[in-house]
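Peer 1: Residue numbers (my numbering), protein chains in the order written: chain A, 1192 to 1306; chain B, 1192 to 1306.
Below are the structure tokens for one structure; questions will follow.
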DNA sequence: CCAAGTACCTTGTATAACAGAGTACCTTCT
DNA sequence: AGAAGGTACTCTGTTATACAAGGTACTTGG
């Protein structure tokens, strides 16, 4: 079955966008993001999230500061950089265009029983 | 600049879905699909489309028949199989859920000036 | 018979998600 | 103080995929 695969692919491209968005709303650390993404049915795991955060950091879109935790090891709290804010805006436009294009294609003609 | 990259990633997952959708509306061959995808600003090239069609064929989601062209070599006209129709329905649900989740995240709280 | 155009195919490369295992720090219990 | 368990972050290997670029094959027109 490669439908699951296609479903995974569909989520992939949007992940980075959603993560940037979550960070844009206030300082958060990885577990916060995982909770929010899971709540939104995005089904992301640690092994996926951390590399993305590292990549965003290296690209200069986000930065972090260490904050001590009341229970456990210190956490990296992330926030957007100026570059990150601009990038997020571009991605928002892309997302909007893409959703429009896709809906344009899938609503173009709904011939369900064509053989 | 990795924003372009993120934009490419965003399109990637939706491509297969859009292609299945275009095929579902009636028999088409590769150049037809390229035109339609380009018109919808999906910006796909030959080297991307043909491997996807081969993959969908091998997965049993689409089938094709050779049809002679009035001007040039014969064309492969694609149509969905029964499996393909079912898969498209699943992908449609996934797309809808994903769009909902994404909009849920990006509309959750618009704190633009948080520092 | 050769050139131009159309249609389909293939190879190599770079990127990215994921699974799974690993490291480090902190708190709590004995 | 030492051990156990939980939290947070990291790393390696595998697999999937888009894309660029070049290639093959068929058809029509001069």
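Backbone N, C-alpha and C fix where the C-beta goes; we use that ideal spot for every residue, glycine too.
Thinking C-alpha only, which one of 1194/B, 1218/B, 1198/B, 1201/B is nearest residue 1258/B?
Peer 2: Nearest of 1194/B, 1218/B, 1198/B, 1201/B to residue 1258/B, Cα basis: 1218/B.
Peer 1: Taking 7 Å as the limit between beta carbons, can you name the residues of its chain near residue 1228/B, skipping five residues before and five after?
Peer 2: Hits under 7 Å: 1209, 1235.
Peer 1: Taking the beta strand (DSSP E) that residue 1270/B belongs to, which residues open and close that run?
Peer 2: Residues 1266-1271.
Peer 1: Kindly say whether residue 1204/B, judged by its beta-carbon, lies nearer than 9 Å to any beta-carbon of chain A.
Peer 2: Answer yes: the Cβ-Cβ gap between residue 1204/B and chain A drops below 9 Å somewhere.
Peer 1: State the start and end residues of the unbroken alpha helix (DSSP H) segment that holds residue 1241/B.
Peer 2: Looking at the DSSP string, the run of the alpha helix (DSSP H) that includes residue 1241/B is 1237-1249.
Peer 1: Quick check on the burial criterion: 16 or more other C-beta atoms within 10 angstroms. Buried or exposed for residue 1222/A?
Peer 2: The residue is exposed, with fewer than 16 neighbouring Cβ atoms inside 10 Å.
Peer 1: In whole angstroms, what is the alpha-carbon distance linking residue 1241/B and residue 1262/B?
Peer 2: In a straight line, the C-alpha of residue 1241/B is about 21 Å away from that of residue 1262/B.
Peer 1: With a CB to CB cut of under 7 Å and the five nearest residues on each side skipped, what residues in its chain are close to residue 1294/A?
Peer 2: Result list for residue 1294/A: empty, nothing under 7 Å.
Peer 1: Measuring only the C-alpha atoms, how far is residue 1252/A from residue 1296/B?
Peer 2: Spanning the two alpha carbons is a distance of roughly 19 Å.
Peer 1: Does the Cβ-Cβ distance between residue 1267/B and residue 1244/B come in under 9 Å?
Peer 2: Yes; because the gap between Cβ atoms is below 9 Å, this pair is in contact.
Peer 1: Against chain A, with Cβ distances strictly below 9 Å, would residue 1227/B count as a contact?
Peer 2: So, interface residue.
Peer 1: Drop a sphere of 10 angstroms on the beta-carbon of residue 1273/B, count the other beta-carbons inside from all chains shown, and report buried for 16 or more, exposed for fewer.
Peer 2: Counting Cβ neighbours within 10 Å, residue 1273/B comes out exposed, since fewer than 16 surround it.
Peer 1: Could you list which residues in chain B have their beta carbon closer than 9 Å to that of residue 1364/A, in chain order?
Peer 2: As shown, chain A starts at 1192 and ends at 1306. That puts residue 1364/A outside it, with no answer to give.
Peer 1: Kindly indicate if chain B contains any beta-carbon less than 9 Å away from that of residue 1282/A.
Peer 2: True, the Cβ-Cβ gap to chain B drops below 9 Å.
Peer 1: If residue 1214/A sits next to residue 1270/A, beta carbons under 8 Å apart, how far is it from one beta carbon to the other, in whole angstroms?
Peer 2: With a Cβ gap of about 6 Å, residue 1214/A and residue 1270/A count as contacting.
Peer 1: Going by C-alpha distance, which of 1198/B, 1232/B, 1246/B is nearest residue 1238/B?
Peer 2: Measuring from the Cα of residue 1238/B, the nearest candidate turns out to be 1246/B.
Peer 1: For residue 1196/A, tell me which candidate among 1298/B, 1285/B, 1199/B, 1195/B has the shortest Cα-Cα distance.
Peer 2: Looking at the Cα atoms, 1285/B is the closest of the given residues.
Peer 1: Determine which residues of the segment 1213-1224 of chain B have a Cβ less than 8 Å from any Cβ of chain A, and write them out in chain order.
Peer 2: Within the segment 1213-1224 of chain B, the qualifying residues are 1213, 1215, 1216, 1217.
Peer 1: Quick check: residue 1275/B and residue 1202/A, are their CB atoms within less than 9 Å of each other?
Peer 2: No, these two residues do not count as a Cβ contact at 9 Å.
Peer 1: Here's the rule I'm using: 16 or more other beta-carbon atoms within 10 Å means buried, otherwise exposed. How should residue 1292/B be labelled?
Peer 2: Residue 1292/B is buried by the Cβ-count criterion.
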